[in-house]
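**Q** Letter 199 of the sequence shown, counting from 1, is numbered 604 in this note's numbering, and no numbers are missing.
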Amino acid sequence: MTIQIAIDGPASSGKSTIAKQIARQLNIAYVDSGAIYRTITYALLENNIQPNDSEAIKEQLQQFDIELMADQDYFEVRLNQQPIGLEIRSEQVTAAVSEVSAYPFVREYVNHKLQQLSRNYSVIMDGRDIGTVVLPEAEVKIFLTASAEVRAQRRYEENKQRNQLTQSYEDILQAIIERDRYDSNRKIAPLRKAEDAIEVDTSNLTVEEVVNKVISMIQPQL
406 MTIQIAIDGP ASSGKSTIAK QIARQLNIAY VDSGAIYRTI TYALLENNIQ PNDSEAIKEQ
466 LQQFDIELMA DQDYFEVRLN QQPIGLEIRS EQVTAAVSEV SAYPFVREYV NHKLQQLSRN
526 YSVIMDGRDI GTVVLPEAEV KIFLTASAEV RAQRRYEENK QRNQLTQSYE DILQAIIERD
586 RYDSNRKIAP LRKAEDAIEV DTSNLTVEEV VNKVISMIQP QL
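(1) Exposed or buried, Ser552, counting other C-beta atoms within 10 Å across all chains shown (16 or more means buried)?
(2) Taking only the alpha-carbon atoms, compute the straight-line gap between Leu540 and Gln520 and give it to the nearest angstrom.
(3) So the candidates are Val615, Thr446, Leu596; which of them puts its Cα closest to the Cα of Glu492?
(4) Hey, Lys518 and Leu473 are a contact pair by Cβ (cut 8 angstroms); roughly how many whole angstroms apart?
(5) Any idea if Thr444 is buried or exposed, counting beta-carbon neighbours within 10 angstroms, 16 or more meaning buried?
(6) What are the partner residues of Asp437, as DSSP defines its beta bridges?
(7) Taking the C-alpha atoms as reference points, what is the distance between Tyr561 and Tyr574?
(8) Might you give, ordered along the chain, the residues of its own chain that have their beta carbon closer than 6 angstroms to the beta carbon of Phe510, omitting 5 neighbours on each side?
(9) Quick one: give me the first and last residue of the alpha helix (DSSP H) that Gln579 is part of.
(10) Per DSSP, which one or two residues make a beta bridge with Lys546?
(11) Buried or exposed, going by whether 16 or more other CB atoms sit within 10 Å of the CB of Gln426?
(12) DSSP state of Tyr479, grouped into three classes?
(13) Between the Cα of Gln468 and those of Gly490, Ile433, Tyr514, spot the shortest distance and give me the residue it belongs to.
(14) For the beta strand (DSSP E) that contains Val605, what are its first and last residues?
(15) With H, G and I counted as helix, E and B as strand and the rest as coil, what does DSSP make of Gln486?
(16) Taking 9 angstroms as the cut-off, decide whether the C-beta atoms of Thr607 and Val528 are in contact.
(17) My output table needs one value for Ile471: the three-state DSSP class, helix, strand or coil.
(18) Between which residues of its own chain and Thr571 is the CB-CB distance below 7 angstroms, once the five residues before and five after are set aside?
(19) Start and end of the alpha helix (DSSP H) containing Arg524?
(20) Which residues in the same chain as Gly419 place their Cβ atom closer than 8 angstroms to its Cβ, once the five residues preceding and following it in sequence are excluded?
(21) Buried or exposed: where does Leu627 fall if 16 or more other Cβ atoms within 10 Å of its Cβ makes it buried?
(22) Hey, how far is the Cα of Leu450 from the Cα of Pro625?
(23) What first and last residue would you give for the alpha helix (DSSP H) that runs through Thr422?
(24) For a test of the three-state rule: what should DSSP assign to Asn452, helix, strand or coil?
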């Protein structure tokens, strides 16, 4: 028996951190859908293709070899058979990924890969439209939220730890507010909570508290 767990939410709401820890504790494979969009965006920028050039993106997308490879408790994204690292977390990729991921043909490409994967494995998958579009029949759907200020502080601390701190807290906050607006209002697969999803506000909770809370929601389905 396989189980599908969808974790959605806005930027820096803690989706990946929470999903990874749950995957380890429950021995369920973790899939970071955002990493696929970031990998596509990174590859486009490396090929000097701008996020507003839809025709070039459509053509180049067919040339990319993007795979999800099982690696213990998560699926690793590989580009042209090479593992992808922190390069997809750069500020340049972060600034462009929302525009790239809004193209219907890009979302169709990614969703096809994700849905194929979920047919054969139990997965915990995070993103912005997992519970509404990618895995609408998921047994458990969680929607994580947090205030824009809390999320900006988290992103600031993450960038600091990665030695990628080139933006002030105020700039990051403004970027997150803009990303929320863009994601919530895009025509294709906008960010929204699935009707049957459980909302968890992580603003004043530790990672451990959120993980325990979500696991308590998953366990009855196992």
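Here a beta-carbon is modelled for each residue, glycine too, at the ideal position from N, C-alpha and C.
**A** By the coordinates alone:
(1) Here residue 552 refers to the residue found at position 147 when the sequence shown is read from its first residue. Ser552 should be labelled exposed.
(2) On the sequence shown, residue 540 is found 135 positions in, with the first residue counted as 1. On the sequence shown, residue 520 is found 115 positions in, with the first residue counted as 1. The C-alpha of Leu540 lies about 7 angstroms from the C-alpha of Gln520.
(3) Counting from 1 along the sequence shown, the entry for residue 492 is found at position 87. Of the candidates Val615, Thr446, Leu596, the one whose C-alpha sits nearest the C-alpha of Glu492 is Thr446.
(4) On the sequence shown, position 113 is the one that residue 518 refers to. On the sequence shown, position 68 is the one that residue 473 refers to. About 6 angstroms separates the two Cβ atoms, so the contact holds.
(5) Here residue 444 corresponds to residue number 39 of the sequence shown, with the count starting at 1. Taking every protein chain shown into account, the CB of Thr444 has 16 or more other CB atoms within 10 angstroms, so this residue is buried.
(6) In the sequence shown, counting from the first residue as 1, residue 437 sits at position 32. The partner list for Asp437 (beta bridge, DSSP) reads Asp531.
(7) Locating residue 561 in the sequence shown gives position 156, where the first residue counts as 1. Locating residue 574 in the sequence shown gives position 169, where the first residue counts as 1. Tyr561 and Tyr574 have their C-alpha atoms roughly 6 angstroms apart.
(8) Here residue 510 refers to the residue found at position 105 when the sequence shown is read from its first residue. These residues qualify, in order along the chain: Lys463.
(9) For the purposes of this step, residue 579 is identified with residue 174 of the sequence shown, where counting begins at 1. Unbroken alpha helix (DSSP H) run through Gln579: 574-590.
(10) If you number the sequence shown from 1, residue 546 lands on position 141. Per DSSP, Ala411.
(11) Along the sequence shown, read from residue 1 onward, the residue named residue 426 stands at position 21. In summary, Gln426 is buried, with 16 or more beta-carbon neighbours lying within 10 Å of its beta-carbon over all protein chains present.
(12) Counting from 1 along the sequence shown, the entry for residue 479 is found at position 74. In the structure shown, Tyr479 sits in a strand (DSSP, three-state: E or B).
(13) By 1-based counting over the sequence shown, the position of residue 468 is 63. The residue with the shortest Cα to Cα distance from Gln468 is Tyr514.
(14) Walking along the sequence shown from the start, residue 605 turns up at place 200. Following the DSSP letters along the chain, one finds Val605 inside the beta strand (DSSP E) bounded by residues 603-606.
(15) To locate residue 486, count along the sequence shown from 1; it is residue 81. Assignment of Gln486 by DSSP, reduced to helix, strand and coil, places it in the coil class.
(16) Here residue 607 is taken as the residue at index 202 of the sequence shown, counted from 1. Here residue 528 is taken as the residue at index 123 of the sequence shown, counted from 1. Taking 9 angstroms as the Cβ cut-off, Thr607 and Val528 do not qualify as a contacting pair.
(17) By 1-based counting over the sequence shown, the position of residue 471 is 66. Looking at Ile471 - three-state DSSP - the assignment turns out to be strand.
(18) In the sequence shown, residue 571 corresponds to position 166, counting from 1. Same-chain partners within the cutoff: Glu496.
(19) For the purposes of this step, residue 524 is taken as the residue at position 119 of the sequence shown. Looking at the DSSP string, the run of the alpha helix (DSSP H) that includes Arg524 is 509-525.
(20) To locate residue 419, count along the sequence shown from 1; it is residue 14. Its chain contains Leu549, Ala551, Arg559, Thr607, Val612, Val615 as the residues whose beta carbon lies nearer than 8 angstroms to that of Gly419, once the 5 sequence neighbours on both sides are disregarded; these appear in chain order.
(21) Translated into positions along the sequence shown, residue 627 becomes position 222. With fewer than 16 other beta carbons inside 10 angstroms of its own, Leu627 counts as exposed.
(22) Here the question's residue 450 lines up with position 45 in the sequence shown. Here the question's residue 625 lines up with position 220 in the sequence shown. Their backbone Cα atoms lie some 44 angstroms apart in a straight line.
(23) Reading the sequence shown from its first residue, position 17 is the one you call residue 422. First-last of the alpha helix (DSSP H) with Thr422: 420-431.
(24) Taking the sequence shown and counting its residues from 1, the one referred to as residue 452 is at position 47. In the structure shown, the three-state DSSP call for Asn452 is coil.
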